[in-house]
Amino acid sequence: MLNLMGLRLIQAVITMLAASFVVFALAHTSGNPADLMLPQDTTPADREVFIKRMGFDQPMHSQYWTFLKNALRGDFGTSIRTREPSTKLVMDRLGNSLKLGTVAIVIALAISVPIGILAAIGRGNWLDKSAMSFALFGQAVPAFWAGIIAVLVFSVWLGWLPTSGAASWKHYILPSATLGWGITAGIVRLLRSSMLDVLDSEYIKLARAKGLREYIVVWKHALRNALIPVITFVGFMYGIIIAGAIVVEVVFAWPGLGRLTYEAVLWRDFPVLQLSIMVWVALIIFINFLVDISYGIIDPRVRIAR
Amino acid sequence: MNGAVSPAAIGRRLVRLQRVYRALETLKSAPKIPTAIVGLSIFLAIFADLIVPHSPVDINPREGELPPAFVSDGNWNYVLGTDRKGRDILSRILTGTRISLAVAGAAIVLAGVLGTTLGLIAGYKGGWVDALIMRVVDGMLAFPSILLALVLAITVGPGFWVVVIVLVLIVWARYARLVRGETLVLRDRDFVLLARVSGASGPYIVIRHILPMVMNSVVVLSTLQVGWAILVEASLGFLGVGIPPPTPTWGSMVAEGRDFVESAWWISVFPGIAIILVVLAFNLFGDWLRDVLDPKLRQL
Chain Y
1 MLNLMGLRLI QAVITMLAAS FVVFALAHTS GNPADLMLPQ DTTPADREVF IKRMGFDQPM
61 HSQYWTFLKN ALRGDFGTSI RTREPSTKLV MDRLGNSLKL GTVAIVIALA ISVPIGILAA
121 IGRGNWLDKS AMSFALFGQA VPAFWAGIIA VLVFSVWLGW LPTSGAASWK HYILPSATLG
181 WGITAGIVRL LRSSMLDVLD SEYIKLARAK GLREYIVVWK HALRNALIPV ITFVGFMYGI
241 IIAGAIVVEV VFAWPGLGRL TYEAVLWRDF PVLQLSIMVW VALIIFINFL VDISYGIIDP
301 RVRIAR
Chain B
307 MNGAVSPAAI GRRLVRLQRV YRALETLKSA PKIPTAIVGL SIFLAIFADL IVPHSPVDIN
367 PREGELPPAF VSDGNWNYVL GTDRKGRDIL SRILTGTRIS LAVAGAAIVL AGVLGTTLGL
427 IAGYKGGWVD ALIMRVVDGM LAFPSILLAL VLAITVGPGF WVVVIVLVLI VWARYARLVR
487 GETLVLRDRD FVLLARVSGA SGPYIVIRHI LPMVMNSVVV LSTLQVGWAI LVEASLGFLG
547 VGIPPPTPTW GSMVAEGRDF VESAWWISVF PGIAIILVVL AFNLFGDWLR DVLDPKLRQL
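For the record, the sequence lines run as chains Y and B. According to this note's numbering, the first sequence holds residues 1 to 306 in order. According to this note's numbering, the second sequence holds residues 307 to 606 in order.
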């Protein structure tokens, strides 16, 4: 286990370095990064001063080296828009995103796992059919549109819930439902088909033949095996979750990392964008790690193989 | 050549005709509404310019925010109403079909060719080539495309090919993984061993004997990716890092109406419905195609 953690840590460091380098290189491919950061109407003299101050006149490798040295001290430059340190801006917002994401995933799992199982058990009945229709729709409705419609119906027309912000638990309902909706649909669909495969297998027949109670067969023997492809799926889904988080935070004016990333693009605030992306990558590495650990918990074969 | 056609050539033609006929026969069992929407959207993507009742880009400030025809004080001149700048929503949605399908089509063709080629190589060669390609595939599958799109949008500047490249970078890995898996199995089948014994070269075996066997899966995967590609393109458009204005895209149309849903809900609502209909139709059509061509791909 410790070996595995050590290996993961090294991989994480390498991935972070690669990500930082890609972002850094992209900023330099399109000419001097000063042009990314300065407004269009900057005078040439001001541009020279800015380039000197930011060190953009240095050779590439020494610029990257300076960037790394500063990054290790937690200094990722100053926001071009607010003149605050990027690190402070990002850390202030990160907590809100994590809270929203956690609520969304917990709700999505709480709904999708029972529905996926019940749909597989009652293959072809009304619950299965409505679950499959729901899953099909969930994968076709874009999160940004669902969010706007939810605001229109529940906030504007019915007046039940607030349109934006993150002040109370009521503020969590619409954003987390919008974010969780697509995830729920994906898990229902996958868990159902994976459950159907497992329920058809020999060891489930054996478990039934030796007279185990049906709920033990389903919830213990079948579910554990059926969950493996679902976890792989959740692991691969963070791309969608991140895209969803950015879009949902924009729609609901949620003060999180997603909206900060979006605003950084809008204002061409490169230092903030760069750090935001590094933090997203770190989050992905962490989710990956959780996925790996949960494989071991659910499937003992994985533990032995290591 | 002219005049005398050998019996063998006639036979080949007949076989080909029979195949086309069978394909058309199979299409009869396709789900009707999704297939119709898929066909209609492809038709619109090609002929939108000829059908649109109004210009999708010309600004017309005096006709701004007109409600759709079926709402009170609506106007049949603008069936789905107009946006803030007085542009006809229906015309913009019809034109937007072209962008959505062009992006999805270009990305899937490029990614399909790239991913299939690398998947064939990885599966047939094995060894370190396989290991290297599959490492890259795992990395790409885990990569959050939206972040790359955001960075590219401000460094390179947004545009059609930026969106296509972002999509290709993620989708090719799915093809590579699928094709590699199938190639691994096919490589040890008797017909491949026979070809090798009779002295066929590696590239010849892969193109002539293995590629035709994996084509069904590639086609099915492609159909199932269209809906996904349209959704990603729309999300990028919504965030303002897709194809820049004035080109109408479904995602950017939803974004334009976002701040005005209270007074003019139709600006955002109709483009969203267009996205849902087309994505749903392609997904249902893809599901059907998979069941017909390649039922073992049920997990896709």
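The C-beta atom is built at its ideal place from N, Cα and C for all residues, glycine as well.
7 Å Cβ cutoff met for residue i and residue j
i, j, result
"residue 456/B", "residue 479/B", "no"
"residue 506/B", "residue 424/B", "no"
"residue 307/Y", "residue 192/Y", "With chain Y covering only 1 through 306, there is no way to say anything about residue 307/Y."
"residue 148/Y", "residue 574/B", "yes"
"residue 207/Y", "residue 218/Y", "no"
"residue 183/Y", "residue 243/Y", "no"
"residue 247/Y", "residue 541/B", "yes"
"residue 586/B", "residue 140/Y", "yes"
"residue 412/B", "residue 470/B", "yes"
"residue 254/Y", "residue 175/Y", "yes"
"residue 599/B", "residue 532/B", "no"
"residue 96/Y", "residue 256/Y", "yes"
"residue 417/B", "residue 535/B", "no"
"residue 267/Y", "residue 81/Y", "yes"
"residue 554/B", "residue 362/B", "yes"
"residue 26/Y", "residue 461/B", "yes"
"residue 152/Y", "residue 567/B", "yes"
Rounded separation between residue i and residue j - CA only
i, j, result
"residue 47/Y", "residue 38/Y", "8 Å"
"residue 294/Y", "residue 222/Y", "17 Å"
"residue 56/Y", "residue 427/B", "43 Å"
"residue 307/B", "residue 322/B", "Bear in mind that the predicted position of residue 307/B carries a pLDDT of just 47, short of 50, making it too unreliable to give a figure here."
"residue 484/B", "residue 390/B", "46 Å"
"residue 317/B", "residue 519/B", "23 Å"
"residue 23/Y", "residue 105/Y", "29 Å"
"residue 5/Y", "residue 326/B", "57 Å"
"residue 570/B", "residue 371/B", "6 Å"
"residue 127/Y", "residue 589/B", "21 Å"
"residue 119/Y", "residue 125/Y", "8 Å"
"residue 499/B", "residue 489/B", "13 Å"
"residue 343/B", "residue 529/B", "14 Å"
"residue 492/B", "residue 501/B", "12 Å"
"residue 199/Y", "residue 189/Y", "16 Å"
Element boundaries [alpha helix (DSSP H), containing residue i]
i, result
"residue 282/Y", "270 to 298"
"residue 157/Y", "Counting along the chain, residue 157/Y falls outside any alpha helix (DSSP H), and DSSP gives it neither H nor E."
"residue 172/Y", "170 to 199"
"residue 516/B", "No alpha helix (DSSP H) contains residue 516/B, which DSSP labels as neither H nor E."
"residue 327/B", "313 to 333"
"residue 559/B", "556 to 563"
"residue 360/B", "Residue 360/B -> no alpha helix (DSSP H), and no H or E assigned at all."
"residue 488/B", "466 to 492"
"residue 54/Y", "44 to 54"
"residue 458/B", "451 to 461"
"residue 371/B", "Residue 371/B -> no alpha helix (DSSP H), and no H or E assigned at all."
"residue 438/B", "433 to 447"
"residue 70/Y", "60 to 72"
"residue 263/Y", "257 to 266"
"residue 125/Y", "That residue, residue 125/Y, is in no alpha helix (DSSP H); it is neither H nor E in DSSP."
CB-CB length for residue i against residue j, believed under 8 Å
i, j, result
"residue 276/Y", "residue 13/Y", "The pair is not a contact, with the Cβ atoms about 19 Å apart (cut-off 8 Å)."
"residue 178/Y", "residue 135/Y", "About 17 Å separates the two Cβ atoms, so there is no contact after all."
"residue 451/B", "residue 472/B", "5 Å"
"residue 346/B", "residue 400/B", "In fact, because the Cβ distance is near 10 Å, the residues do not count as touching under 8 Å."
"residue 308/Y", "residue 560/B", "Within the shown structure, residues of chain Y are numbered from 1 to 306, placing residue 308/Y beyond reach of any answer."
"residue 101/Y", "residue 241/Y", "7 Å"
"residue 360/B", "residue 397/B", "5 Å"
"residue 233/Y", "residue 186/Y", "7 Å"
Exercise. Listed in chain order, which residues of the region 537 to 562 of chain B have Cβ atoms closer than 8 Å to some Cβ of chain Y?
Worked result: 537, 538, 540, 541, 544, 545, 546, 547, 557, 560 and 561
For this session: Identify each residue in the region 582 to 597 of chain B for which the Cβ-Cβ distance to at least one residue of chain Y is less than 8 Å, and report them in chain order.
Result: 582, 585, 586, 589 and 590
Exercise. Any residues in the region 445 to 458 of chain B with a beta carbon nearer than 8 Å to a beta carbon of chain Y? Which ones, in chain order?
Worked result: 447, 448, 449, 450, 451, 452, 453, 456, 457 and 458
Exercise. According to a CB-to-CB cut-off of less than 9 Å, which residues of the region 272 to 284 of chain Y neighbour chain B?
Worked result: 273, 274, 276, 277, 280, 281 and 284
Problem set entry | Near-chain B residues of the region 57 to 76 of chain Y - C-beta to any C-beta below 7 Å | none
Exercise. Using Cβ-Cβ distances below 9 Å, what residues of the region 322 to 336 of chain B are close to chain Y?
Worked result: none
Exercise. Going along the region 248 to 262 of chain Y in order, which residues come within less than 9 Å of chain B, judged by CB to CB distance?
Worked result: 250, 251, 261 and 262
Exercise. Name the residues in the region 520 to 538 of chain B whose C-beta lies less than 7 Å from a C-beta of chain Y; which are they?
Worked result: 533 and 537
Problem set entry | Contact set between the region 346 to 358 of chain B and chain Y, restricted to residues whose Cβ is under 7 Å from the partner | none
For this session: Can you give me, in chain order, the residues of the region 192 to 215 of chain Y that have a beta carbon less than 7 Å from any beta carbon in chain B?
Result: 193
For this session: Scan the region 134 to 145 of chain Y for residues whose Cβ lies nearer than 8 Å to a Cβ of chain B and list them as they occur along the chain.
Result: 136, 137, 139, 140, 141, 142, 143, 144 and 145
Problem set entry | chain Y contacts from the region 360 to 378 of chain B (Cβ-Cβ distance under 7 Å) | none
Exercise. Relative to chain Y, which residues along the region 384 to 407 of chain B have a C-beta separation below 9 Å, given in chain order?
Worked result: none
Exercise. According to a CB-to-CB cut-off of less than 8 Å, which residues of the region 473 to 492 of chain B neighbour chain Y?
Worked result: 476
Problem set entry | Where the region 413 to 442 of chain B meets chain Y: residues whose CB sits under 9 Å from a CB there | none
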